[in-house]
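Notes for the one structure printed next.
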Amino acid sequence: MTKYYYDPNMNRGYIPGRYVNKVVYLLIIFFLGHFGIQYFYVGKNFKGILCLLFCWTFIPSIIAVFSFIITLFRPTNEHGDIFIHY
Numbered sequence: 222m223t224k225y226y227y228d229p230n231m232n233r234g235y236i237p238g239r240y241v242n243k244v245v246y247l248l249i250i251f252f253l254g255h256f257g258i259q260y261f262y263v264g265k266n267f268k269g270i271l272c273l274l275f276c277w278t279f280i281p282s283i284i285a286v287f288s289f290i291i292t293l294f295r296p297t298n299e300h301g302d303i304f305i306h307y
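Remember, our numbering sits 221 above the position in the sequence shown when you count from 1.
The structure is reproduced here in structure tokens:
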């Protein structure tokens, strides 16, 4: 479930997150997804540490395959970036 936050300076709600380059993100998932490096790239350090701790179980590899497929079909903005929410 996506959380919406209200920013009084912007006078509207926003979703916390950041934009990352889709091609770079896909390459990181493809080559380093077994270790969870894609989570460090987007700023989700706790998930990255968990993937590093459990990479010997190959669970992060399975998650990386699904993340790769989902990210492959995500739409980009005019700069080729995708939005990753926290």
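Note that CB positions come from ideal geometry on N, CA and C, so glycine has one too.
Values in this document were obtained by computation on a predicted structure and should not be read as measured data.
Does the beta-carbon of residue i have 16 or more other beta-carbons within 10 angstroms, so that it is buried, or is it exposed?
| i | result |
| --- | --- |
| Y260 | buried |
| H255 | buried |
| P296 | exposed |
| G301 | exposed |
| I303 | buried |
| I183 | There is no way to answer for residue 183, as the model of the chain reaches only from 222 to 307. |
| I283 | exposed |
Quick one: measure Cβ to Cβ for residue i and residue j, integer angstroms, because I've assumed they're closer than 8 Å.
| i | j | result |
| --- | --- | --- |
| Y262 | Y246 | 7 Å |
| F287 | P281 | The pair is not a contact, with the Cβ atoms about 11 Å apart (cut-off 8 Å). |
I'd like to check one pair, residue j with residue i: are the Cβ atoms closer than 9 Å?
| i | j | result |
| --- | --- | --- |
| I258 | I249 | yes |
Taking 8 Å as the cut-off, does the CB of residue i come closer than this to any heavy atom belonging to the ligand SAM?
| i | result |
| --- | --- |
| N242 | With respect to small molecules bound, the structure shown includes none, and the ligand SAM cannot be examined in it. |
_Segment contact flag, the region 263-272 with the region 289-304, C-beta cutoff 8 Å, min 3 pairs_ = no
*Enumerated in chain order, which unbroken segments of the alpha helix (DSSP H) with a length of 4 residues or greater are wholly contained in the region 278-305?*
280-293
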